[in-house]
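A.B. asks:
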Amino acid sequence: MEQPFRTACMLCRRSMRLGGGLGEGRHVAAWNVAVCDPCHAENPQGPSLVRHPRLAAYLRSKGIASAENGAGFVAWPAEREAA
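Reminder that position 49 of the sequence shown reads as 49 in the working numbering, one-by-one numbering, no gaps.
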């Protein structure tokens, strides 16, 4: 039996399965990162770059503009937005 692909959430580092009916998270294509369902649900406006410095550093390293709002959150990209 094949084992489902596992990866770590970019925000909390929780191990999770992606895809299919077994999915415990989602791939954010525009950022090319995986985010677990609890982290996505806890950050409806988008993740805080202050609270999640690993994500902030990653976005900077990839040259991805982070449209941070005044509250320190970066909005989740559109579901279909490509990298």
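Here a beta-carbon is modelled for each residue, glycine too, at the ideal position from N, C-alpha and C.
1. Which of the three DSSP states is assigned to residue 13 in this structure?
2. Between which residues of its own chain and residue 12 is the CB-CB distance below 6 Å, once the five residues before and five after are set aside?
3. Answer yes or no: do residue 23 and residue 14 have a C-beta to C-beta separation smaller than 8 Å?
4. With H, G and I counted as helix, E and B as strand and the rest as coil, what does DSSP make of residue 8?
5. At which residues does the beta strand (DSSP E) containing residue 26 begin and terminate?
6. Using alpha carbons as the reference points, say which of 77, 63, 8 lies closest to residue 43.
7. Let me know the secondary structure DSSP gives residue 34 once reduced to three states.
C.D. replies: With the given structure in hand:
1. Translated into positions along the sequence shown, residue 13 becomes position 13. Note: residue 13 maps to coil in three-state DSSP.
2. The sequence position of residue 12 within the sequence shown is 12, counting from 1. For residue 12, the CB contacts under 6 Å within the same chain, skipping 5 residues up- and downstream, are 39 in chain order.
3. In the sequence shown, the residue the question calls residue 23 occupies position 23. In the sequence shown, the residue the question calls residue 14 occupies position 14. Between residue 23 and residue 14, the gap from beta carbon to beta carbon reaches 8 Å or more.
4. Working through the sequence shown from its first residue, we reach residue 8 at position 8. If DSSP states are grouped into helix, strand and coil, residue 8 belongs with the strands.
5. The count along the sequence shown starts at 1 and reaches residue 26 at position 26. Boundaries of the beta strand (DSSP E) harbouring residue 26: 25-28, taken from the DSSP string.
6. Looking up residue 43 in the sequence shown gives position 43. Closest in C-alpha terms to residue 43, from the list 77, 63, 8, comes 77.
7. Here the question's residue 34 lines up with position 34 in the sequence shown. In the structure shown, residue 34 adopts extended strand secondary structure according to DSSP, grouped into three states.
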